[in-house]
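A.B. asks: The structure is given below, and queries will be raised subsequently.
Numbering (the working numbering), first residue to last: 742 to 1070.
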């Protein structure tokens, strides 16, 4: 049953991010009112631990915070299941979804709540997600938004709020998305069908911690991109629309560009990693950044091609995906 005093339930799924999550929680300690003077609403934080193997649970057990903190333990089945557990446990009528690597700006909570209070229409409220490479909350909050920080997603759980009833009406997050990526955008397609509108609130700033990429990180990043490609085709299978094709993106233009960038399959060659390791130390830095980006993109598109071919072989003759325009076979 919802608490009458509780206005917002913040839902944060996490997996093996003990140090980062600790700073995220600390960034919620000093929440301030917006310029309207309305007080910061009563809120709770629900952390759903998705089977972490580090000392996340020990850190949470020792945390002393000025707001209610509830911890839910789950087996490692992915963020969709974790978020559903958080939704079920939430006591407030409004849900604010945050990623466990998103440091909160000082007005994040109040700005989300104010946007719903002032205009009670059915809406999804988004706050800026500003990329930072520091866990120092004070330093992070000094970073200004850049063009690359903008997102056109209808619903993305990095920094977004909406009424709990809408998540329930949409049927909750699809737990078939057990790997990395797209489960929140898939939910967005169902929320769109409910007639909700998405609004942008500049004061609800969040700071996405992204440590500087290193050459040694490329294998793990590539594995994550392969998971994302798998979920991309799952997303399209559930919503076979032109809009989703451009989201993932499953289009000959993007395939063609990627083929040009990875000409001859160089990102898969053994020498490529040695070359990038050399560039990381000796430069030029711009070439290292481009090469690393190309390796990550190649991993995604190669996996996307495999998943797409597999998906098409499962369809009967004349299946919808075979008729879809412009797919690469």
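We put the beta carbon where it would ideally sit given N, CA and C, even for glycine. Bear in mind that the values here come from a model prediction, so they are computed numbers and not experimental data.
For residue 1029, which residues from the same chain have a beta carbon less than 7 Å from its beta carbon, with the 5 sequence-adjacent residues on both sides left out?
C.D. replies: On the chain shown, position 288 is the one that residue 1029 refers to. The residues are 1017, 1020 and 1021.
A.B. asks: Please report the distance separating the alpha-carbon of residue 1001 from that of residue 824.
C.D. replies: Sequence index remark: in the chain shown, residue 1001 carries index 260 (1-based). Sequence index remark: in the chain shown, residue 824 carries index 83 (1-based). So the alpha carbons of these two residues sit roughly 39 Å apart.
A.B. asks: Taking residue 941 as the reference, give the member of 978, 1014, 897 and 979 with the closest Cα.
C.D. replies: Looking up residue 941 in the chain shown gives position 200. It is 897.
A.B. asks: Where do the N-terminal and C-terminal ends of the alpha helix (DSSP H) with residue 764 fall, by residue?
C.D. replies: In the chain shown, counting from the first residue as 1, residue 764 sits at position 23. That run of the alpha helix (DSSP H) goes 759-768.
A.B. asks: Touching or not, the region 860-871 and the region 962-979, by the rule of three or more beta carbon pairs under 8 Å?
C.D. replies: Touching, no.
A.B. asks: Using three-state DSSP, classify residue 816 as helix, strand or coil.
C.D. replies: Indexing the chain shown from 1 puts residue 816 at position 75. Here residue 816 sits in coil by DSSP.
A.B. asks: Would you report the Cα separation of residue 975 and residue 1052, rounded to the nearest angstrom?
C.D. replies: By 1-based counting over the chain shown, the position of residue 975 is 234. By 1-based counting over the chain shown, the position of residue 1052 is 311. Each residue's alpha carbon lies about 9 Å from the other.
A.B. asks: Using alpha carbons as the reference points, say which of 1013, 870, 814 and 1046 lies closest to residue 971.
C.D. replies: Looking up residue 971 in the chain shown gives position 230. Residue 971 has its Cα closest to that of 1046, out of 1013, 870, 814 and 1046.
A.B. asks: Pick out whichever of 766, 759, 809 and 926 has its Cα sitting closest to the Cα of residue 799.
C.D. replies: Along the chain shown, one-based indexing puts residue 799 at 58. Among 766, 759, 809 and 926, the Cα nearest to that of residue 799 is on 759.
A.B. asks: What's the C-alpha gap between residue 814 and residue 754?
C.D. replies: Indexing the chain shown from 1 puts residue 814 at position 73. Indexing the chain shown from 1 puts residue 754 at position 13. Distance between the alpha carbons of residue 814 and residue 754 is about 10 Å.
A.B. asks: Suppose you measure from the CA of residue 775 to the CA of residue 848; what does that come to, to the nearest Å?
C.D. replies: The sequence position of residue 775 within the chain shown is 34, counting from 1. The sequence position of residue 848 within the chain shown is 107, counting from 1. Answer to the nearest angstrom: the Cα atoms are 6 Å apart.
A.B. asks: Please report the distance separating the alpha-carbon of residue 1044 from that of residue 852.
C.D. replies: Numbered from its first residue, the chain shown carries residue 1044 at position 303. Numbered from its first residue, the chain shown carries residue 852 at position 111. Their Cα atoms are separated by approximately 39 Å.
A.B. asks: Cα-Cα, which of 1042, 945 and 973 is closest to residue 1009?
C.D. replies: What you label residue 1009 is simply residue 268 of the chain shown in a count that begins at 1. For residue 1009, the nearest C-alpha among the options comes from 1042.
A.B. asks: Output the residue ranges of the alpha helix (DSSP H) runs that lie fully inside the region 997-1066 and measure 4 residues or longer, sorted by chain position.
C.D. replies: DSSP runs (the alpha helix (DSSP H)) wholly in the region 997-1066: 1011-1023, 1026-1054 and 1061-1064.
A.B. asks: Would you call residue 806 buried or exposed, if buried means 16 or more other Cβ atoms sit within 10 Å of its Cβ?
C.D. replies: Locating residue 806 in the chain shown gives position 65, counting from the first residue. It is exposed - the Cβ of residue 806 has fewer than 16 other Cβ atoms within 10 Å.
A.B. asks: Give a yes or no on whether the C-beta atoms belonging to residue 831 and residue 914 are separated by under 8 Å.
C.D. replies: Along the chain shown, one-based indexing puts residue 831 at 90. Along the chain shown, one-based indexing puts residue 914 at 173. Not closer than 8 Å, so no.
A.B. asks: Please return the same chain residues whose Cβ sits closer than 8 Å to the Cβ of residue 952, not counting the five positions on each side in sequence.
C.D. replies: Translated into positions along the chain shown, residue 952 becomes position 211. Hits under 8 Å: 874.
A.B. asks: Identify whether residue 855 lies in helix, strand or coil by the three-state DSSP scheme.
C.D. replies: Here residue 855 refers to the residue found at position 114 when the chain shown is read from its first residue. Helix.
A.B. asks: Does residue 867 pass the burial test, meaning 16 or more other C-beta atoms within 10 Å, or should it be called exposed?
C.D. replies: As a working mapping, residue 867 is identified with position 126 in the chain shown. So residue 867 counts as buried.
A.B. asks: So the beta strand (DSSP E) residue 865 belongs to, where does it begin and stop?
C.D. replies: Walking along the chain shown from the start, residue 865 turns up at place 124. 864-867 is the extent of the beta strand (DSSP E) around residue 865.
A.B. asks: Round the Cβ separation of residue 884 and residue 749 to the nearest angstrom and send it over; I've been treating them as touching at under 8 Å.
C.D. replies: Along the chain shown, one-based indexing puts residue 884 at 143. Along the chain shown, one-based indexing puts residue 749 at 8. 25 Å between Cβ atoms; not a contact.
A.B. asks: Between which residues of its own chain and residue 895 is the CB-CB distance below 8 Å, once the five residues before and five after are set aside?
C.D. replies: Position 154 of the chain shown holds residue 895. Excluding residues within five positions, the ones whose Cβ falls inside 8 Å are 865, 926, 929, 930, 932, 933 and 939.
A.B. asks: Taking the alpha-carbon positions, what's the residue 1040 to residue 973 distance?
C.D. replies: Against the chain shown, residue 1040 aligns to sequence position 299. Against the chain shown, residue 973 aligns to sequence position 232. Approximately 13 Å between the Cα atoms of the pair.
A.B. asks: Hey, could you find the ends of the beta strand (DSSP E) residue 974 is sitting in?
C.D. replies: To locate residue 974, count along the chain shown from 1; it is residue 233. Element bounds for residue 974: not the beta strand (DSSP E) but the alpha helix (DSSP H), 959-979.
A.B. asks: Answer yes or no: do residue 843 and residue 900 have a C-beta to C-beta separation smaller than 8 Å?
C.D. replies: Sequence index remark: in the chain shown, residue 843 carries index 102 (1-based). Sequence index remark: in the chain shown, residue 900 carries index 159 (1-based). Taking 8 Å as the Cβ cut-off, residue 843 and residue 900 qualify as a contacting pair.
A.B. asks: Under three-state DSSP, which class holds residue 987?
C.D. replies: As a position in the chain shown, residue 987 is number 246, starting the count at 1. Helix.
A.B. asks: Please classify residue 779: does DSSP put it in a helix, a strand, or coil?
C.D. replies: In the chain shown, counting from the first residue as 1, residue 779 sits at position 38. Coil at residue 779, not helix or strand.
A.B. asks: Compute the Euclidean distance between the alpha carbons of residue 904 and residue 839, then round it to the nearest angstrom.
C.D. replies: Your numbering for residue 904 matches position 163 in the chain shown. Your numbering for residue 839 matches position 98 in the chain shown. Roughly 15 Å between the two C-alpha positions.
A.B. asks: Per DSSP, what are the beta-bridge partners of residue 948 in this structure?
C.D. replies: If you number the chain shown from 1, residue 948 lands on position 207. Residue 948 is bridged to 844 and 871.
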